Every structure is written in C-alpha cells, then in structure tokens.
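Position one of the sequence shown corresponds to residue 1 (the UniProt record's numbering), numbered consecutively onward. The structure appears right after this line, and notes come after that.
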Amino acid sequence: MKLFVIILLTLVSLSACNEPPTQLEKIEQSGELRVLSRYSLTSYYVKSNQKLAGFEYELAKQFSDRLGVELKIIVPENLSTLKKMLIDGRADIAAASLTMTEQRKKQLQFGPVYHEVTQ
Numbered sequence: 001m002k003l004f005v006i007i008l009l010t011l012v013s014l015s016a017c018n019e020p021p022t023q024l025e026k027i028e029q030s031g032e033l034r035v036l037s038r039y040s041l042t043s044y045y046v047k048s049n050q051k052l053a054g055f056e057y058e059l060a061k062q063f064s065d066r067l068g069v070e071l072k073i074i075v076p077e078n079l080s081t082l083k084k085m086l087i088d089g090r091a092d093i094a095a096a097s098l099t100m101t102e103q104r105k106k107q108l109q110f111g112p113v114y115h116e117v118t119q
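Next up, the structure:
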C-alpha cells in the first residue's frame, strides 16, 4: 500500500511537469511584453519631447512594470495585420482601442471594457 501511494504521488507530480506554460509564464520567461498598438492620441503616440504617451500605452507600461518585464510596442500597418499578428502569436496583447464586434469576439479574447465611446 505504501509503495502504491509513493508511485501515485510520483505520477501526479510528473504529470504536472508536462503542463505547457501559461501565457503569463511565457511573458515572464521571455522578459518582454509584446503589445500591438496603433498611433492615436488615445492609444499610443510620441510627445514633442520624444517620450511615449497615450492612455493604452500607459496601461501597458504599468502592466509590464508590474510584471517586471520590458515593454515592446509593435505598430502594425493596419487593423487586419494587427488582428493576424495577435492570432498568430506574434504579440501577447493588443492595446489599440479595438471595437468589440461579434466577429472579433469569435477570434480574439477581450478583457473587461474600460473605455466606451458613444455618439
């Protein structure tokens, strides 16, 4: 019985070793948070003093600082390229004022809404 318990505990502990790392663990291991954004006053822009700014840039910067990793901003040519890069895993998150549409919800995971624009 004792041998059975030891074998069972060994198998359980070894099976945990085979779990793939989470996205967060991958970011921490790489030391870099890759964020897709686009140039706009609400997302990401360069101020006159050459410092980076923008609401979503500030959120991404605080998140990378909290994780203790470097922030890498990637600005694709257009929204189609941004979406493809995110789906292909060439970035970790997007901070680009993306509108949450039904089609995008089928392809991407959205975080909680933190900014709403209405007319």
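Every residue, glycine too, gets a C-beta built ideally from N, C-alpha and C. Just so it is clear, the structure is predicted and the values come from calculations on it, not from any experiment.
- Message: What does DSSP give as the partner residue(s) for residue 72 in the beta ladder?
- Response: 34
- Out of 65, 34 and 97, which has the shortest C-alpha to C-alpha gap to residue 79? 97
- Per the contact definition of three or more C-beta pairs closer than 8 Å, is the stretch 61 to 72 in contact with the stretch 98 to 118? no
- Query: Looking at C-alpha atoms only, which residue of 22, 103 and 75 is the closest neighbour of residue 56?
  - Reply: 75
- Message: Using a 10 Å radius around the Cβ and a threshold of 16 neighbouring Cβ atoms, would you call residue 39 buried or exposed?
- Response: exposed
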